[in-house]
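Notes follow the structure.
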Amino acid sequence: MKRLALGLFIAVALAAAPVTAALAATVKVSVNGSAITDVQISQRLKLFELEGKSGQTAARDELVNEAIMLQEAKRLGIEVTDKQVNDAMVNVARNIRQSYDNLLKILSSRGVPKSTLEDRLRANIAWGQVTQAAIIPRVQISDLELDKRAEQRVNAANSFDYILKEVIFVGTPGQASGRTSEANRYRSAYKGCDTAVQTSLNFRDAAVLDMGRRHATQLPEALAKELAGLNVGGITKPRTTESGVSMLAVCAKTVAEDTTFIKNNLRQEVGSEQLKGEAEKYMADLKKQARIVYH
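In mature numbering (1 follows the signal peptide of the UniProt record, and there is no 0), the protein residues as written are -21 to -1, 1 to 274.
Dropping the structure here:
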């Protein structure tokens, strides 16, 4: 009988434990009836601190936004799977050059539950799908506006098309000085694209690669400016890259008659600007319609 009583006592205690824990959390905000507790805000603040950010109000507001994101996703029939969240966690670990297990250890060491980061990722994945379904269709880019902006972007450096070869002196970052010296000797001996490969045979670990056609806007700005000052048969100064030391040889150079490349770049820029504005407006409208109660 004593054993039975003890067993019942333990069962009741275990059953009551979650209720006690739940009661320990105080609701601070409700978003359309969905509660955000002081515990959630505290945990999000710890995640903020790990990221070098601060502000309890900012942590609370982020949770409010995420609640709205998830509710809107649900309204649109969008569901985020646990696998998507787990894949996102793996990507976070990869982006900070850590293993998944090390990411969890870092979170734990700073008092951040795994679920805190998972909740943020779930909301952001959901919002990304809301953006695809409901916000992107609102973005409209005028070709006339793009033409005007493209014409303003045309300058001496970005108005050329090139046929280029890349001459690479393969090496590690620690060998950059020696490789640069050899590249400069190659540059002095260089007589044009037709003999570029033949000239490279006189040097150790040198390769010549066909880059084909490139518009100036497809190149880094500093490199485009240097190429603009070269004639056909010219070659750029050596520059250090991940592969070693590189130079670009100009095999052909023509003035670009249209602004297609510039417009393509602008289309992405303008599209991103408009998308950001539409997303902010969409969220602002959702918040206006939401019943947000601060306790």
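All C-beta atoms in this analysis are idealised placements derived from N, C-alpha and C, irrespective of residue type, glycine included.
Residue i: first and last residue of the uninterrupted beta strand (DSSP E) it sits in
{"i": "Glu145", "result": "139 to 149"}
{"i": "Asp189", "result": "185 to 194"}
{"i": "Ser9", "result": "6 to 10"}
{"i": "Ala14", "result": "13 to 16"}
Exposed unless 16 or more other CB atoms sit within 10 angstroms - verdict on residue i
{"i": "Gly150", "result": "buried"}
{"i": "Pro199", "result": "exposed"}
{"i": "His194", "result": "buried"}
{"i": "Ala175", "result": "buried"}
{"i": "Leu55", "result": "exposed"}
{"i": "Leu2", "result": "Interpretation of Leu2 is limited by its pLDDT of 45, a score under 50 that renders its predicted location unreliable; no figure is taken from the coordinates."}
{"i": "Glu259", "result": "exposed"}
Length of the line joining the Cα atoms of residue i and residue j
{"i": "Ala67", "j": "Pro92", "result": "16 Å"}
{"i": "Lys144", "j": "Ala263", "result": "51 Å"}
{"i": "Arg218", "j": "Arg73", "result": "29 Å"}
{"i": "Gly212", "j": "Thr178", "result": "14 Å"}
{"i": "Arg59", "j": "Met48", "result": "The sequence shown places Val at residue 59, not Arg. Taking the straight line joining both Cα atoms gives about 12 Å."}
{"i": "Asp270", "j": "Glu97", "result": "Going by the sequence as given, residue 270 is Arg instead of Asp. Approximately 25 Å, taken between the alpha carbons."}
{"i": "Gly191", "j": "Val18", "result": "58 Å"}
{"i": "Ile214", "j": "Thr233", "result": "16 Å"}
{"i": "Asp184", "j": "Val69", "result": "38 Å"}
{"i": "Phe182", "j": "Leu227", "result": "17 Å"}
{"i": "Leu82", "j": "Asp61", "result": "18 Å"}
{"i": "Tyr79", "j": "Lys32", "result": "23 Å"}
{"i": "Leu254", "j": "Val118", "result": "6 Å"}
{"i": "Tyr165", "j": "Lys216", "result": "11 Å"}
{"i": "Pro152", "j": "Ala105", "result": "42 Å"}
Residue(s) in a DSSP beta bridge with residue i
{"i": "Lys232", "result": "Tyr141"}
{"i": "Gly223", "result": "Val149, Thr220"}
{"i": "Tyr273", "result": "Val8"}
{"i": "Ile214", "result": "Ala228"}
First and last residue of the uninterrupted alpha helix (DSSP H) at residue i
{"i": "Arg101", "result": "93 to 109"}
{"i": "Arg73", "result": "61 to 74"}
{"i": "Val176", "result": "175 to 179"}
{"i": "Lys204", "result": "200 to 207"}
{"i": "Leu55", "result": "Element bounds for Leu55: n/a, residue is neither H nor E."}
{"i": "Ala84", "result": "One point to set straight first is that residue 84 is Lys, not Ala, in the sequence displayed. Per DSSP, Lys84 belongs to the alpha helix (DSSP H) from 79 to 88."}
{"i": "Glu161", "result": "155 to 168"}
Residue j beta carbon less than 7 Å from that of residue i
{"i": "Ala235", "j": "Ser138", "result": "yes"}
{"i": "Ala113", "j": "Ile147", "result": "no"}
{"i": "Glu45", "j": "Ala102", "result": "yes"}
{"i": "Ala38", "j": "Arg23", "result": "yes"}
{"i": "Arg158", "j": "Val224", "result": "yes"}
{"i": "Lys7", "j": "Ile15", "result": "yes"}
{"i": "Thr188", "j": "Glu51", "result": "Reading the sequence as shown, one finds Leu at residue 188 and not Thr. Not closer than 7 Å, so no."}
{"i": "Leu29", "j": "Arg89", "result": "yes"}
{"i": "Leu209", "j": "Val229", "result": "yes"}
{"i": "Ser9", "j": "Val272", "result": "yes"}
{"i": "Gln108", "j": "Ile75", "result": "no"}
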